Amino acid sequence: MIIFGTKGYLYQLAILTLLCGQCGNPAAHTLKKRVTKFTLFFVPLFPFSTKYTTQCTFCGAEQKVTKEQAEQLRTQAAGGQGGHPYGQPQQQPYQS
1 MIIFGTKGYL YQLAILTLLC GQCGNPAAHT LKKRVTKFTL FFVPLFPFST
51 KYTTQCTFCG AEQKVTKEQA EQLRTQAAGG QGGHPYGQPQ QQPYQS
């Protein structure tokens with residue numbers, strides 16, 4: 001008997017202040033990475049799906065972003081660079 005399946009992992013990469021495309025408010029957004037891994041006998045072996053999203057903490061709207069956009073947002077969160085269009089920090093990002 002062989003037992004196999006999948007297991008999901010959710011990583012919070014950064015918290016940014018962005019202008020929400022849904023509600024229009026400048027609010028904190030969490031940048032998340034969702035990884036699904038193939039498991040064999042309950043041991044995660046390799047990832048087969050990776051997705052990146054931002055979620056508005058004001059209205060809860062979630063938007064998919066590409067890997068390149070996620071990396072850019074993450075470096076902007078670490079570097080404190082600014083910009084105004086959606087997907088770019090409007091103010092200094094929250095740093096823990």
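If you're matching positions, the sequence shown starts at 1 in full-length UniProt numbering and goes up one per residue.
Glycine included, every Cβ here is placed at the ideal spot set by N, Cα and C.
Quick caveat, the model's predicted, so the values are computed rather than measured.
Residue nearest to residue i in terms of C-alpha spacing, selected from the options
{"i": "C56", "options": "G79, F42, T30, Q12", "result": "T30"}
{"i": "Y9", "options": "T17, N25, R74, T39", "result": "T39"}
{"i": "L13", "options": "F58, K51, A61", "result": "K51"}
{"i": "C20", "options": "Q63, R34, I2, F48", "result": "Q63"}
{"i": "K7", "options": "K67, V35, A77, F58", "result": "V35"}
{"i": "P47", "options": "T54, K37, T53", "result": "K37"}
{"i": "T53", "options": "M1, G5, G24, E71", "result": "E71"}
{"i": "G24", "options": "K32, A61, V65", "result": "A61"}
{"i": "Q76", "options": "L18, M1, Y11", "result": "L18"}
Residue(s) in a DSSP beta bridge with residue i
{"i": "L40", "result": "F4, V43"}
{"i": "L16", "result": "H29"}
Minimum Cβ-Cβ distance from residue i to chain B less than 7 angstroms
{"i": "Y11", "result": "Among the protein chains of the structure shown there is no chain B, as only one such chain exists."}
heavy atom of the ligand ATP below 6 angstroms from residue i C-beta
{"i": "L31", "result": "Ligands displayed in this structure: none; no statement on the ligand ATP is therefore possible."}
For residue j and residue i, believed in contact at Cβ under 8 angstroms, the rounded distance
{"i": "residue 117", "j": "A28", "result": "Since the first residue shown for the chain is 1 and the last is 96, residue 117 is missing from the structure and cannot be characterised."}
{"i": "F58", "j": "I3", "result": "Wrong, their Cβ atoms sit about 42 angstroms apart, outside the cutoff."}
Fully enclosed by the segment 49–82, which beta strand (DSSP E) runs are 3 residues long or longer?
Assignment of beta strand (DSSP E) within the segment 49–82, counting only whole runs of 3 or more residues, yields 62–65 in chain order.
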